[in-house]
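Throughout the sequence shown, residue numbering follows the numbering used here, covering 3 to 249 in sequence.
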Amino acid sequence: MPIGKSDDPEILSLKGLHLYHTNVSNCSMRVRLLLEEKGLKWTSHHLNLVKRENLKDWYFRIHPNGLVPALVDDGVPVTDSIDILYYLEEKYPSPSFLPQSTPEQQEVKDWLDLAGQIHVKGVKTFVYGGAGLVTKKRSDMDHYAQMEPDKELVAFHWKSLDGFPPEEIEAAVKILHEAFERLEKRLKDHDYLVGESYSLADITWVVQYVLLTRKGFDFSTFPHIQTWVKRLNIRPSYKIAITDWSQ
Numbered sequence: 003m004p005i006g007k008s009d010d011p012e013i014l015s016l017k018g019l020h021l022y023h024t025n026v027s028n029c030s031m032r033v034r035l036l037l038e039e040k041g042l043k044w045t046s047h048h049l050n051l052v053k054r055e056n057l058k059d060w061y062f063r064i065h066p067n068g069l070v071p072a073l074v075d076d077g078v079p080v081t082d083s084i085d086i087l088y089y090l091e092e093k094y095p096s097p098s099f100l101p102q103s104t105p106e107q108q109e110v111k112d113w114l115d116l117a118g119q120i121h122v123k124g125v126k127t128f129v130y131g132g133a134g135l136v137t138k139k140r141s142d143m144d145h146y147a148q149m150e151p152d153k154e155l156v157a158f159h160w161k162s163l164d165g166f167p168p169e170e171i172e173a174a175v176k177i178l179h180e181a182f183e184r185l186e187k188r189l190k191d192h193d194y195l196v197g198e199s200y201s202l203a204d205i206t207w208v209v210q211y212v213l214l215t216r217k218g219f220d221f222s223t224f225p226h227i228q229t230w231v232k233r234l235n236i237r238p239s240y241k242i243a244i245t246d247w248s249q
């Protein structure tokens, strides 16, 4: 779990939960959802990615990859949305969104791992390629490449400047369809992704639907996923964590 240590006085001085995030980001949305579901008080630090606020030197001191979201809990930085979910679940266990049984906990982990596996080549490629999204300029890239240790991300953003070739977007759509076919199969006979209650798995995946729908992904062949989303979007946390940030 990427729990960091900081010697930066400004970071160390932060008391309570501070979330650095952006509005319509699947990774940001899932952390906001869990914070609201747990009823935790948190301070919002909204970053405008179009203005490249996440590429400022001060933010790299919080998140060494310059990604959103990042959580700071009493001066301790925690990065990567999936790891933040696990951190919050362990640090603030009530109410719990992990099943009690070991087999079902493994099922949750499998769903969260799958979300991580398809993030760059599936979700990000579709969102950036299909929608023509660019969050970095050529003038940013030399500095970004120096600051960013993840060279796969550097290569991704270089490529996004010129647009992704059709075959890569098609490959992303295939990756997404295969993943959502797994959800559809599970949700055909169940209300939730794991067990019979709302869990970190649902929190992790419902935001994929939200983001991809906004970017034009076709969910018309996944009726059980659509029913599941309707079930989840009536939860009070959904309005606060997703709808209110999507205006």
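No residue lacks a Cβ here, since even glycine has one placed at the ideal position from N, Cα and C.
Excluding the 5 residues preceding and the 5 following residue i in the sequence, name in chain order all residues of the same chain whose CB lies nearer than 8 angstroms to its CB.
i, result
"N67", "T81, E150, P151, D152, L155"
"M31", "V209, V212, L213, A243, I244, W247"
"H47", "H20, L21, Y22, H23"
Quick one: give me the first and last residue of the alpha helix (DSSP H) that residue i is part of.
i, result
"Y22", "Unbroken run through Y22 is the beta strand (DSSP E), 19-23; no alpha helix (DSSP H)."
"T104", "104-119"
"S8", "No alpha helix (DSSP H) holds S8; DSSP gives it neither H nor E."
"L213", "202-216"
"Y240", "238-243"
"F224", "Run containing F224: none; DSSP gives neither H nor E here."
"K176", "168-189"
"E55", "Segment: none, E55 is in no alpha helix (DSSP H) and carries neither H nor E."
"S30", "28-39"
I need the boundaries of the beta strand (DSSP E) containing residue i, first residue and last residue.
i, result
"D75", "72-75"
"W44", "44-48"
"P79", "78-81"
By alpha-carbon positions, which one of the options ends up nearest to residue i?
i, options, result
"S27", "H121, Y200, D144", "H121"
"W1", "I242, E198, E109", "Residue coverage of the chain in this structure runs from 3 to 249, which leaves residue 1 outside it and unanswerable."
"K190", "K176, P11, R237, Q228", "Q228"
"S162", "T104, R140, R32", "R140"
"D76", "W60, K93, F62", "K93"
"Y130", "I171, A147, Q148, H145", "I171"
"D204", "D220, F224, A174, N235", "N235"
"L16", "K126, T45, C29", "T45"
"V110", "Q249, C29, H226, L185", "L185"
"K126", "V33, C29, G41", "C29"
Below 7 angstroms CB to CB, which residues in the same chain sit around residue i once its five sequence neighbours on both sides are set aside?
i, result
"M3", "The predicted position of M3 is uncertain, since its pLDDT is 44 and thus under 50; no value can be drawn from it."
"S1", "In the structure as shown, the chain begins at 3 and stops at 249. Residue 1 is therefore absent and cannot be evaluated."
"I177", "I120, K123, G124"
"G118", "I84"
"I64", "I13, Y22, A72, V74, P79"
"D112", "none"
Have a look at residue i and residue j and give me their C-alpha separation to the nearest angstrom.
i, j, result
"K43", "G18", "8 angstroms"
"V209", "P11", "34 angstroms"
"L21", "L51", "15 angstroms"
"P101", "T24", "29 angstroms"
"K7", "S222", "45 angstroms"
"S96", "E183", "32 angstroms"
"T215", "H179", "13 angstroms"
"E1", "L202", "Here the chain covers residues 3 to 249 and nothing more, so residue 1 does not appear."
"Y146", "G218", "29 angstroms"
"K58", "L69", "11 angstroms"
"K187", "D144", "44 angstroms"
"D193", "D9", "45 angstroms"
"F158", "K53", "19 angstroms"
"W160", "F62", "19 angstroms"
"L116", "R237", "24 angstroms"
"K232", "F224", "13 angstroms"
"W60", "H226", "43 angstroms"
"F99", "V175", "30 angstroms"
"K241", "A181", "26 angstroms"
"A173", "T104", "34 angstroms"
"F128", "D220", "12 angstroms"
"I5", "Q108", "22 angstroms"
"R148", "V33", "The residue asked about is misnamed: residue 148 is Gln in this sequence, not Arg. So the two alpha carbons sit approximately 28 angstroms from each other."
"Y200", "Q249", "26 angstroms"
Going along the chain, which residues of its own chain have a beta-carbon closer than 6 angstroms to the beta-carbon of residue i, five neighbours each way excluded?
i, result
"E55", "L49"
"E106", "V196, G197"
"L114", "I84, T206"
The stretch 159-176 touching the stretch 74-89, judged by at least three CB pairs closer than 8 angstroms:
Too few Cβ pairs lie closer than 8 angstroms, so no.
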